[in-house]
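In the numbering used here, the protein residues as written are 1246 to 1414.
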């Protein structure tokens, strides 16, 4: 199973542990998984999240490039923590990191990701698209740029479009 798919399965499993649908709860921690070069997953952990979910996430946090931070630590250092994973910012001027803070706060237990190109992934298709575009860029940056310019209009990772839809703004 490709690494990206394994990671996505783990994230979806973890998000399933939060299936009771808590919304805008008080956050205790933030789970960060940066094992895939195409995206870094960020997921809020509510104070009242099931203990089993917290324990499982803490177990993953023992892995390299995975960590659990307090909400305050993440909130105060989000740009510093997430910025290094953006290989090529294709959305200058966007507010991706501020958007991630708002999403994590509004939707604890739901995984979101900042992508290698500064985009925002919120669905399985978004994660897959991030992997596909990262692999295309890593294989042949020039060919990627030629193709990318034609796809910008329908870009599913566009953080401005994603944030508007996910935050109902």
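The C-beta atom is built at its ideal place from N, Cα and C for all residues, glycine as well.
Q. In or out: residue 1364 buried (at least 16 other Cβ within 10 Å) or exposed?
A. By the Cβ neighbour-count rule, residue 1364 is buried, with 16 or more other Cβ atoms within 10 Å of its own.
**Q.** the stretch 1386 to 1394 contacting the stretch 1337 to 1357, beta-carbon criterion three pairs below 8 Å
**A.** Because the criterion of three Cβ pairs below 8 Å is not met, the stretch 1386 to 1394 and the stretch 1337 to 1357 do not touch.
**Q.** As assigned by DSSP and simplified to three states, the class of residue 1272
**A.** It is a strand residue.
Q. Nearest to residue 1273 by alpha carbon, out of 1356, 1318, 1283?
A. Ranking 1356, 1318, 1283 by Cα distance to residue 1273 puts 1318 first.
Q. How is residue 1281 classed by DSSP in three states: helix, strand or coil?
A. Here residue 1281 sits in strand by DSSP.
Q) Under three-state DSSP, which class holds residue 1390? A) Reduced to three states, the DSSP call for residue 1390 is helix.
Q) From the DSSP output, which residues share a beta bridge with residue 1291? A) Bridge partners of residue 1291: 1272.
Q) Taking the C-alpha atoms as reference points, what is the distance between residue 1336 and residue 1352? A) C-alpha separation (whole angstroms): 23 Å.
Q: Could you tell me whether the Cβ atoms of residue 1401 and residue 1286 are closer together than 7 Å?
A: In this structure, residue 1401 keeps its C-beta atom at 7 Å or more from the C-beta atom of residue 1286.
Q. When you compare each of 1314, 1330, 1333 to residue 1288 by their alpha carbons, which one comes out closest?
A. For residue 1288, the nearest C-alpha among the options comes from 1314.
Q: Go through its chain and collect everything with a Cβ distance to residue 1392's Cβ below 8 Å, but skip five positions before and after it.
A: Spatial neighbours of residue 1392 in its own chain (CB-CB distance under 8 Å, excluding positions within 5 residues in sequence) are listed in chain order as 1381.
**Q.** Residue nearest to residue 1294 in terms of C-alpha spacing, selected from 1361, 1275, 1283
**A.** Comparing Cα-Cα distances from residue 1294 to each of 1361, 1275, 1283, the minimum goes to 1275.
Q.
Checking 7 Å against the spacing of the C-beta atoms, do residue 1361 and residue 1374 come in under that value?
A. No, these two residues do not count as a Cβ contact at 7 Å.
Q: Would you mind stating whether residue 1279 and residue 1376 have Cβ atoms separated by less than 7 Å?
A: The criterion of a C-beta distance shorter than 7 Å is not satisfied by residue 1279 and residue 1376.
Q. When burial is assigned at 16 or more other CB atoms within 10 Å of the CB, is residue 1404 buried or exposed?
A. Answer is buried; the Cβ neighbour count reaches 16.
Q) In angstroms, rounded to a whole number, what distance separates the CA positions of residue 1383 and residue 1290? A) Cα atoms of residue 1383 and residue 1290: separation of roughly 33 Å, rounded to the nearest angstrom.
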